[in-house]
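Using the numbering used here, the letters of the sequence shown map in sequence onto residues 359 to 500. Some notes on the structure that comes next.
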Amino acid sequence: MEHRADFFRDRLAQIENTPKPTIFVVGLLITLFLGVIDYLTGFEISFSFFYLIPVSLVAWSVGQKAAVFISFASAIIWLAANLLAGQLYSTPLIPFWNMLMRLGIFLLTTLLLVNLRRVLEVERDLARTDFLTGTLNSRAFT
């Protein structure tokens, strides 16, 4: 179990050391790739959940503005793939409603991950400093 934790810790460190523009472009490419796969598989198989991968990656590693952009791109690409795949609806507004619902989930995920990352960084800083004097403690040196 320890080996698995080290593996994930190392991957996270790799992602955190990757330049932010690179992660943004990778997130956008993943979104486009998912859109193509979504289109090719047709409207009967949903890939909506997988669009959370680039949204989460960009929200955690790059920041809120970039993740909001990826969220909008994911929702629009999902809509385009769905409409191009030939899905018929009882009213023309339904696919736009579905897109807005997915966008809401993507934006909520973005907000939660950005705030979680911020709180984690604050807690990490607090764990490395003495609360009384504000100087670095032994954890900061190890």
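Cβ atoms here follow ideal geometry from the backbone N, Cα and C, with glycine treated the same way. Just so we're clear, the structure is a prediction, and the values are computed from it rather than from any experiment.
*Note the first and the last residue of the continuous alpha helix (DSSP H) segment covering Asp483.*
Ile452 to Arg486
*What first and last residue would you give for the alpha helix (DSSP H) that runs through Ser404?*
Per DSSP, Ser404 belongs to no alpha helix (DSSP H) and is neither H nor E.
*Are the beta-carbon atoms belonging to Ser429 and Thr468 less than 8 Å from one another?*
yes
_Cutting at 8 Å between CB atoms, please list the residues of its own chain near Arg497, excluding the five before and the five after it._
Ala485 and Arg486
*Of all the options Leu398, Lys423 and Ile388, which has the alpha carbon lying nearest to the alpha carbon of Pro412?*
Ile388
*asked:* Let me make sure I understand the geometry here. Which of Ser406, Trp455 and Arg369 has the alpha-carbon closest to that of Phe391?
replied: Ser406
*Using the beta-carbon count (16 or more within 10 Å), is Met459 buried or exposed?*
exposed
*Contact belief for Ile435 with Gly393 at Cβ below 8 Å, rounded distance in angstroms*: 4 Å
*DSSP state of Leu410, grouped into three classes?*
helix
*Can you name the start and end residues of the alpha helix (DSSP H) that Gln422 belongs to?*
Gln422 to Leu442
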